[in-house]
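>
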Amino acid sequence: MHASSKVKTKTTTGATAKPAAAPQSRSERTDRSFDAIADHFEKKVYGGLKGEIRLAVLRRDIFEYSAQMRQRLGRPLRVLDVGAGLAQIAIELAAQGHTVVINDISANMLAKAQAHAAQTDTPLDITWHVCPYQELPAKLSTEKLDAEKFDLILCHALLEWLAEPAGVMDFFDQYLMPKGALSLCFYNPASFDYRNLIMGNFNLLDNSDYKADNVKSLTPNHPVAKEEVETWLTAHRYHVIRSSGLRVFHDYAPLKRGGHTDPEAVIRMELRYSQHEPYKWLGRYLHILATRQA
Ligand SMILES: C[S@@+](CC[C@H](N)C(=O)[O-])C[C@H]1O[C@@H](n2cnc3c(N)ncnc32)[C@H](O)[C@@H]1O
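First residue of the sequence shown? That's 1 in the UniProt record's numbering, and the numbers climb one at a time after it.
#1: Return the Cβ separation of D81 and L184 in integer angstroms, given the expectation that the two are a contact with Cβ distance under 8 angstroms.
#2: Using 8 angstroms as the Cβ pair cut-off and three pairs as the minimum, do the stretch 82–90 and the stretch 113–124 touch?
#3: Spatial neighbours of H40 within its chain, please: CB distance less than 7 angstroms, with the 5 preceding and 5 following residues excluded, ordered by chain position.
#4: Touching or not, the stretch 254–266 and the stretch 222–242, by the rule of three or more beta carbon pairs under 8 angstroms?
#5: Do the CB positions of Y238 and L182 come within less than 9 angstroms of each other?
#6: Using the C-alpha atoms, what's the distance from H276 back to S33?
#7: Within 10 angstroms of its Cβ, does A21 collect 16 or more other Cβ (buried), or is it exposed?
#8: Name the one or two DSSP bridge partners that A181 has.
#9: Only counting the same chain, and skipping five residues up and downstream in sequence, which positions put a Cβ closer than 8 angstroms to that of T291?
#10: In or out: T94 buried (at least 16 other Cβ within 10 Å) or exposed?
#11: Counting only the same chain and skipping the five closest in sequence on each side, list residues whose C-beta sits under 6 angstroms from that of P23.
#12: Under 9 angstroms between the Cβ atoms of Y194 and Y285?
#13: CB-CB under 6 angstroms to W281, same chain, minus the five flanking residues each way: which ones, in chain order?
#14: Rounded to whole angstroms, what is the Cα-Cα separation between T122 and N201?
#15: Pick from W128, Q71, L162, Q68: whose alpha carbon is nearest that of A90?
#16: So, at 7 angstroms on beta carbons, what are the nonlocal neighbours of W232 in its own chain, with the 5 sequence-adjacent residues on each side left out?
#17: Let me know if R247 comes out buried or exposed under the rule of 16 or more other beta-carbons within 10 Å of its beta-carbon.
#18: Can you name, in chain order, every residue of its own chain whose Cβ lies under 6 angstroms from the Cβ of L159, other than the five neighbours on each side?
#19: Which term fits T99, buried or exposed, when burial requires 16 or more other beta carbons within 10 angstroms of its beta carbon?
#20: Rounding to the nearest angstrom, what Cα-Cα distance links R257 and H250 in this structure?
#21: According to DSSP, is T231 part of a helix, a strand, or is it coil?
#22: Expressed to the nearest angstrom, what Euclidean distance is found between the alpha-carbon atoms of M199 and P137?
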């Protein structure tokens, strides 16, 4: 790995939304930029085994399907990652030869992603847009790519940080090709309850007003339940291809004994149980890969 790779980077900026501090009512909420917590996020979420498990499950789910899609279409895919953060999966898709557009509201997050992309040996076709995803239509319309839609859209851990999460489904309707694939990963509120049951934090469960008040907290205050996401997918005519749980047991084990002391074994078991009922529905995050019917 060295820094001489050709990264076709077209970067636009225009972030306007402010970081939110856990507002109470829906009308007061704003989308949450991670600009102020980019370092903290990188270290806390991707600095260890938790992040490796998350990426291992996403890679398995997405790369198998994107390879099939590429073969069927006979060309590289056009991929969009919204709320991309460090954009690891999107960068790997670009390294596989796909044309990728990467977006985040946070310039600091995308600066980290760009530094990571610059270390790749392969030439990468990546366009970067620093702006709320809601402003992407204006950005995309200035490009030659305008007329085309995306074959694959990644939206990972974004829903729970949006003031109006359901709105992103309309955006996908506009930008996903008929029969295109949506990779939707979101925080699972059931995992919050289950972990607090295990840890004996009954006071948190009894307090229906509980909100993480720490501005650095990575526990979202407005997660969307699986059932609600499923309702949206049905209403927008998606067909679910596969669903997985991310971290279905790792975060729940207070005592790291036996196989828990072997990171490779933990990843192997997480991959296996991520697709098994009923365990997968306890994942800290859920991943749904779905195609939009023509
Ligand atoms: C929890 S991080 C997830 C990052 C990455 N997708 C991942 O799974 O690691 C959420 C990201 O969404 C970004 N974000 C929040 N609101 C946004 C919006 N309206 N448009 C684009 N990005 C947004 C934040 O800045 C942050 O980088």
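Don't be surprised by glycine CBs; every beta carbon is placed ideally from N, CA and C.
Per the coordinate set shown:
#1: Contact doesn't hold; Cβ gap of about 12 angstroms is too wide.
#2: yes
#3: K216
#4: no
#5: yes
#6: 34 angstroms
#7: Bear in mind that a pLDDT of 39 at A21, under 50, signals an unreliable position, so the model cannot answer this.
#8: L152, T291
#9: K179, G180, A181, L182, Y238, H239, I241
#10: In the sequence as displayed, the identity of residue 94 is Ala instead of Thr. Under this definition A94 is a buried residue.
#11: Model confidence at P23 stands at a pLDDT of 44, short of 50, so the residue's coordinates are unreliable and nothing is read from them.
#12: no
#13: none
#14: 48 angstroms
#15: W128
#16: A166, M169
#17: buried
#18: P165, F186, V224
#19: buried
#20: 11 angstroms
#21: helix
#22: 45 angstroms
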